[in-house]
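K.L.:
Below you'll find the structure I mean.
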Amino acid sequence: MRHLFTLLLSLCLPALAQAETHTSAVDLGEHFRALGLRGTFVLYEPASERLQVYQAERAATRYTPASTFKVFNTLAGLDSAAVRDVDEVLPYGGKPQWMKVWERDMGLREAMRLSNVPIYQEVARRVGATRMQAYLQNVGYGNAQMGKEIDRFWLDGPLAISAIEQTQFLARLAQRQLPFSQAAMQATEEIMQIDRSPEYTLYAKTGWAANSQPGVGWWVGWVARQGKLYSFALNVDLRAQGDVDKRIPLGRRCLQALGVL
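Read left to right, the sequence shown gives residues -19 to -1, 1 to 242 (mature numbering (1 follows the signal peptide of the UniProt record, and there is no 0)).
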C-alpha cells in the first residue's frame, strides 16, 4: 500500500514526492464502517511534511470540490477587490433557491457559514474568468480547469481536486503562503473558524458534489493545536440523503482518533 501511495503522490503532486507518507497507524476504517460510508481521510502536518492517509488511491483521486471551493472563492474575491470585505452585503439574485436561507442578500461571513451558493456565484462573476483562471493556475489548485461557466465550474466541473491536494492548499493558507494578500488570507481564515477550545482551534468547510452518482461529500480544513498545524480532508460517497449529515461527525472521529482533537 505504501508503494502504491508513493507512486500516486509522485504522479499527482511532484512537489511533495519527497514527503514522508504513511498509511494511518490508527484503524480509521472502523469509523467509516460504523457510519456506513466509503471514502478517504488525509491528515497533513506541514512542519514534518508527514501525510497520514486512509485509502491512499482515493486520496490521490480528484473530485469536484463543490462548496469547499468557497474558501478559494473568498480569497479571490477579496484579493481582487471584487468584494470589499467579508461583511459587504452581496445580492443573491432574487430567484427561488434550493435552501430558503439562501434567499436573501448577505456578506461572505454569513454566506460561508450557510454555504450560500448564489452569493458565491456572484463573487465568481465579479472576479471574472480571466482573473479566476490566473488565480487557479498561480495557486496550482487541483487541475486548475475552469471551463466556460464562471459561476458553475466548481459545482459541475471541470474543476477537480484530490483530498491530498486539499490538505496542501489549506496548509499553505493557514501558513499565509498562498499568492493572495495577507489581508485576504487572514479574513478567509477568520470566517472559516467553526470551533475553539483551550486546546485547539478548528477551521473547516463542507462540500457536496452532486454532479456524479454517487455524490461526493467533503469536509476539509485545519486544526491549530498547541503551536502545531494539521490540515485535513475527508471525502465520502453519498449514497443516501442521510449520508450528508455524517460528514462532520466522521471527520471529527478521524481527527480524534489521530489525536488532533
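From the three backbone atoms N, C-alpha and C, an ideal C-beta is built for every residue, glycine too.
Looking at the structure shown, is Arg177 part of a helix, part of a strand, or coil, going by DSSP?
P.N.:
Counted from its first residue, the sequence shown places residue 177 at position 196. Arg177 falls in the strand class under three-state DSSP.
K.L.:
Three-state secondary structure (DSSP) at Trp189?
P.N.:
Within the sequence shown, the letter at position 208 stands for residue 189. Trp189: strand per DSSP, three-state reduction.
K.L.:
Can you look up Arg157 in the DSSP assignment and give me helix, strand or coil?
P.N.:
As a working mapping, residue 157 is identified with position 176 in the sequence shown. Coil at Arg157, not helix or strand.
K.L.:
Can you tell me where the alpha helix (DSSP H) with Thr21 in it begins and where it stops?
P.N.:
For the purposes of this step, residue 21 is taken as the residue at position 40 of the sequence shown. Thr21 -> not in any alpha helix (DSSP H); beta strand (DSSP E) instead, spanning 20 to 26.
K.L.:
Below 8 Å between beta carbons: does that hold for Ala47 and Ala185?
P.N.:
Counting from 1 along the sequence shown, the entry for residue 47 is found at position 66. Counting from 1 along the sequence shown, the entry for residue 185 is found at position 204. Going by C-beta atoms, Ala47 is not nearer than 8 Å to Ala185.
K.L.:
If you draw a straight line from the C-alpha of Asn124 to the C-alpha of Val70, how long is it?
P.N.:
Start at 1 with the first residue of the sequence shown, and residue 124 comes out as number 143. Start at 1 with the first residue of the sequence shown, and residue 70 comes out as number 89. Looking at the two C-alpha atoms, the distance is approximately 31 Å.
K.L.:
By the 10 Å Cβ neighbour count, where 16 or more other Cβ atoms means buried, how is Leu(-9) classified, buried or exposed?
P.N.:
Locating residue -9 in the sequence shown gives position 11, counting from the first residue. Low per-residue confidence applies at Leu(-9): pLDDT is 40, beneath 50, and the placement is therefore not dependable, though the value from the model is reported in the following sentence. Answer is exposed; the Cβ neighbour count stays below 16.
K.L.:
Taking only the alpha-carbon atoms, compute the straight-line gap between Ser193 and Asp176 and give it to the nearest angstrom.
P.N.:
Here residue 193 refers to the residue found at position 212 of the sequence shown. Here residue 176 refers to the residue found at position 195 of the sequence shown. Rounded to whole angstroms, Ser193 to Asp176 spans 31 Å at the Cα level.
K.L.:
Report back the beta-carbon spacing between Ile172 and Met80 to the nearest angstrom; my notes put them in contact at under 8 Å.
P.N.:
Position 191 of the sequence shown, counted from the start, is the residue given in the question as residue 172. Position 99 of the sequence shown, counted from the start, is the residue given in the question as residue 80. Actually they are not in contact, since the Cβ atoms of Ile172 and Met80 sit about 19 Å apart, beyond 8 Å.
K.L.:
Considering Cα atoms alone, identify which of Ala165, Ala205, Lys209, Leu183 is closest to Asp66.
P.N.:
As a working note, residue 66 is residue 85 in the sequence shown. Here the closest residue by C-alpha is Ala165.
K.L.:
In its own chain, which residues sit with a C-beta less than 7 Å from the C-beta of Trp83, not counting the 5 before and 5 after it?
P.N.:
Position 102 of the sequence shown, counted from the first residue, corresponds to residue 83. Excluding sequence neighbours, Trp83 sits near Tyr73, Leu95, Asn97, Val98, Pro99.
K.L.:
In the DSSP assignment, what are the bridge partners of Asp218?
P.N.:
For the purposes of this step, residue 218 is taken as residue 237 along the sequence shown, with counting starting at 1. Partner(s): Val197.
K.L.:
Within 10 angstroms of its Cβ, does Ala(-3) collect 16 or more other Cβ (buried), or is it exposed?
P.N.:
Start at 1 with the first residue of the sequence shown, and residue -3 comes out as number 17. In this prediction, Ala(-3) has a pLDDT of 41, which is less than 50 and means its spatial position is unreliable; what the coordinates show is noted afterwards. So Ala(-3) counts as exposed.
K.L.:
Identify, in the order they occur along the chain, each residue of the same chain with its Cβ nearer than 7 Å to the Cβ of Tyr116, setting aside the five sequence neighbours on each side.
P.N.:
For this step, residue 116 is matched to residue 135 along the sequence shown. So the qualifying residues of the chain are Ala57.
K.L.:
Taking Ser240 and Val217 to be in contact with their CB atoms under 8 Å, please state how far apart those CB atoms are, rounded to whole angstroms.
P.N.:
As a working note, residue 240 is residue 259 in the sequence shown. As a working note, residue 217 is residue 236 in the sequence shown. Checking the displayed sequence, the identity of residue 240 turns out to be Gly instead of Ser. Contact doesn't hold; Cβ gap of about 22 Å is too wide.
K.L.:
On the CB-based measure, 16 or more other CB atoms within 10 Å of its CB, does Ala144 come out buried or exposed?
P.N.:
Stepping through the sequence shown from its first residue, residue 144 is reached at position 163. Under this definition Ala144 is a buried residue.
K.L.:
With hydrogens ignored, establish whether the beta-carbon of Pro77 is closer than 7 Å to any heavy atom of the ligand ZN.
P.N.:
Ligands displayed in this structure: none; no statement on the ligand ZN is therefore possible.
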